[in-house]
Structure formats: C-alpha cells, structure tokens
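Undergrad: Structure below; questions to follow.
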Amino acid sequence: MVNTLTDSSAPRENRTKKKIYVLFLTLFLNLAVSIVKIAVGFATGLLNLVADGAHSLLDTLSNLVGIAAIAISGKPADERYPYGYSKFETGGVMIICIFLGIAFIEILHLAYDRLMNPIMPDFGTATVMLVAATIPVNIFVSWYEHKKSEELESDYLHGDAHHTLSDVGISISILVGLFLIKTYGWQMADLFIALVIAFLIGVAFLKNFKNAMAILCDARVIPEEEITDFVLSLDGVRFCHAVRSRGRPDAFFMDLHIGVDKDMTVEKTHDDVSHRIKLALKNRYPGLRSANIQTEPDTPEARSRIRSVFKDKDY
Numbered sequence: 678m679v680n681t682l683t684d685s686s687a688p689r690e691n692r693t694k695k696k697i698y699v700l701f702l703t704l705f706l707n708l709a710v711s712i713v714k715i716a717v718g719f720a721t722g723l724l725n726l727v728a729d730g731a732h733s734l735l736d737t738l739s740n741l742v743g744i745a746a747i748a749i750s751g752k753p754a755d756e757r758y759p760y761g762y763s764k765f766e767t768g769g770v771m772i773i774c775i776f777l778g779i780a781f782i783e784i785l786h787l788a789y790d791r792l793m794n795p796i797m798p799d800f801g802t803a804t805v806m807l808v809a810a811t812i813p814v815n816i817f818v819s820w821y822e823h824k825k826s827e828e829l830e831s832d833y834l835h836g837d838a839h840h841t842l843s844d845v846g847i848s849i850s851i852l853v854g855l856f857l858i859k860t861y862g863w864q865m866a867d868l869f870i871a872l873v874i875a876f877l878i879g880v881a882f883l884k885n886f887k888n889a890m891a892i893l894c895d896a897r898v899i900p901e902e903e904i905t906d907f908v909l910s911l912d913g914v915r916f917c918h919a920v921r922s923r924g925r926p927d928a929f930f931m932d933l934h935i936g937v938d939k940d941m942t943v944e945k946t947h948d949d950v951s952h953r954i955k956l957a958l959k960n961r962y963p964g965l966r967s968a969n970i971q972t973e974p975d976t977p978e979a980r981s982r983i984r985s986v987f988k989d990k991d992y
C-alpha cells in the first residue's frame, strides 16, 4: 500500500521569496566590496587584494546563480518533475563549485606570475583601512545568511554563509600580509597571502561539492534509527523496517515498511494506522514531501523479511 504526502505551495513560495531577498541583499554588498578591492588592488599592485576582489566578485556571480536556482527550485511538482524542483537549488551549489575551481586556478596562475616577476607593492594607510572595513561587512553577511539558512532550511544559503565566513579569514590574512610588507619590506608576503586565499577557496570548493553530491546522490536525510523509533512509538505499529530517506532537509522523501495486526482490514489499516503515521511524520518533519508506506501483516516471515523480492539490497 502506498501513501503519499503533499505540502502546500503557499509556504514554499513564501520561503522562496525570502531566500531570493536574502541573496539580493548579499549580492549588492558583495558587488560593492569586489569593485573597490579590485580597483585598489590594481592601483597599488597588491596581488592579494586583486585575488580577494576576484573572490568577492565570484560571490556576486554565485548570488546570481543562487537567485536563478532558488527561483526554479521553488516551483511545485508537475508531470515532468513529479518529485519537485528542489534539487535545482543544489544544482546551483554545483555551479558555484565550478566558479570556485576557476578562481582557485586563476589565483595560482597570478601567484606564479608574481613569483617569476616580483614587485614591491605600493600602498598607504587608506588601503589598510579599506581591507579592515570589509571584515564587519562580511561578518554581517555570513551571520545573516546562516540565520536565514536555518530559518528557511536552505542548503544554498548555508553553504554561501560558510563561504562568506572564509572571506573574513582572507581579509585578516591580507592585513597580516600588508603589515609584513610595510614593516619588514617582505614583498613575498603578498604572494604567500595569495596562496592562503587559494587554499581557503579550495577548502570551500571541497566542502560545497561534498554537501551537494550527498544530496544529488541521495544520501540519507534522517537517520534510520530515529525514524524507526518514532514510528514504533505510534499506536498500531508492530514493527518497522526498510526505512530510507533522500533529498534535502527542506524537501525530502521517505520509504518504510510497517507491520500491523494480521487480522486488520485494508481499510482500517489505511485509515487508522497508515494515514495517522503519515500525519505524524509530516508534523515531526516539516520538510517531508512524500512518504511511501508499505503495510505488512505482523507475521514471523514479514518481520524477518525472508520473502523480500530485493534480497540483493541491504535495506
């Protein structure tokens, strides 16, 4: 027996609008920061500032991708996409990974060029103040995105928040590099900090790629033991097994088998047990989009699953 859950499109549309608003706000902040950093970096010859400006510009492009991906992911399920469009948001994260990879390679290229053609950057107090001023901006953006990612259950905003937080570390690294150049005349500090930036971008790439692949490859969303314990606590359930979940925290799907009294009618099983479990799961997990529940009679064979058709599957 298969039971399906559907969620209201109104809350989903509201969440989508809120996510897009967050990204538009961060887009303008990232764009302003990137333009200033790149302009000052070229004017002073500071490679690390140009690299950081390119990184901030990458954040702006990421925001544009995020806006498009989230707008598509907010569409309700239809005949072509019966499981919904939610993974388009995760697809946006993969595109961000491509941007991160390009930035990583480009910064390494610039660093190699600087190693072969070293120069002493020329900058003043205004440059230091500019870099320092970007730190509170990035802290605010990261905090805001992280807060909204939990509120709106968005893996894109969550990933972008961690990405933005790395910008804070980058800005601090640049300040250290400027101090070493100005105080000790160590011109290679500029190259060293650029490599640190490349490393942080590489870390962000790996983290976002890993999280996105987990969703796209249907890694479990909720631990099997947690679902099993919850379902077994409900009246009428004799056993529960073959539990699976896949998708994203804000849009996932679940399959499970439950055992009921072997003398119970199909109608009673559906109305008194299965439907009630479906509602209980939906209340416990707001992001649950659909639950496929197979009911079985409570017999030794059913409990041991010795008649399972898919014996080659370890679930």
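Numbering of the sequence shown is given in the working numbering, commencing with residue 678 and proceeding in unit increments.
We put the beta carbon where it would ideally sit given N, CA and C, even for glycine.
#1: Is the CB-CB distance between residue 767 and residue 832 below 8 angstroms?
#2: Are residue 829 and residue 959 close, meaning C-beta to C-beta below 8 angstroms?
#3: Leaving out five residues on either side along the sequence, give the residues of the same chain with a beta carbon under 6 angstroms from the beta carbon of residue 974.
#4: Should residue 851 and residue 702 be called a contact, given that it needs their Cβ atoms to be closer than 8 angstroms?
#5: Contact defined as beta carbons within less than 8 angstroms: I believe residue 913 pairs with residue 949. What is the distance between those atoms, to the nearest angstrom?
#6: So, does the segment 744-757 touch the segment 803-823, judging by three or more C-beta pairs under 8 angstroms?
#7: With DSSP collapsed to three states, give me the class of residue 894.
#8: Touch check for the segment 702-717 and the segment 725-744: three-plus C-beta pairs under 8 angstroms?
#9: Check this for me: beta carbons of residue 967 and residue 930, under 8 angstroms apart or not?
#10: I'd like to confirm the pairing. Which residues does DSSP put opposite residue 924 in its beta bridges?
#11: Starting from residue 966, trace the alpha helix (DSSP H) in both directions and tell me its first and last residue.
#12: Between the Cα of residue 712 and those of 907, 700 and 729, spot the shortest distance and give me the residue it belongs to.
#13: Could you check how far apart the C-beta atoms of residue 871 and residue 784 are, in whole angstroms? I think they sit under 8 angstroms.
#14: Taking the alpha carbon of residue 778 as the reference point, which residue from 935, 700 and 874 has its own alpha carbon closest?
#15: Can you give me the C-alpha to C-alpha distance between residue 694 and residue 751, rounded to a whole angstrom?
#16: Measure from the C-beta of residue 956 to each C-beta in chain E and report whether the shortest distance is under 8 angstroms.
TA: Reading from the atomic positions:
#1: In contact: residue 767 and residue 832 (Cβ atoms closer than 8 angstroms).
#2: No, they are not a contact pair.
#3: If we look at residue 974 and ignore the five residues flanking it on each side, its Cβ neighbours are 939.
#4: No.
#5: Beta-carbon to beta-carbon, residue 913 and residue 949 are separated by about 6 angstroms, close enough to satisfy the 8 angstroms threshold.
#6: No: fewer than three Cβ pairs fall under 8 angstroms.
#7: Annotated three-state conformation of residue 894 is coil, per DSSP.
#8: Counting C-beta pairs with one atom in each stretch, the segment 702-717 and the segment 725-744 have three or more that are closer than 8 angstroms, which means they touch.
#9: Cβ atoms of residue 967 and residue 930: closer than 8 angstroms.
#10: DSSP lists 929 as partners of residue 924.
#11: Not the alpha helix (DSSP H): residue 966 falls in the beta strand (DSSP E), residues 965-974.
#12: Comparing C-alpha distances from residue 712 to each of 907, 700 and 729 shows the shortest one belongs to 729.
#13: At roughly 6 angstroms, the Cβ-Cβ gap stays under 8 angstroms, so residue 871 and residue 784 are in contact.
#14: If we check each option's Cα against that of residue 778, 874 comes out closest.
#15: Rounded to the nearest angstrom, the two C-alpha atoms are 9 angstroms apart.
#16: Protein chain content of the structure displayed is limited to a single chain, and chain E is not contained in it.
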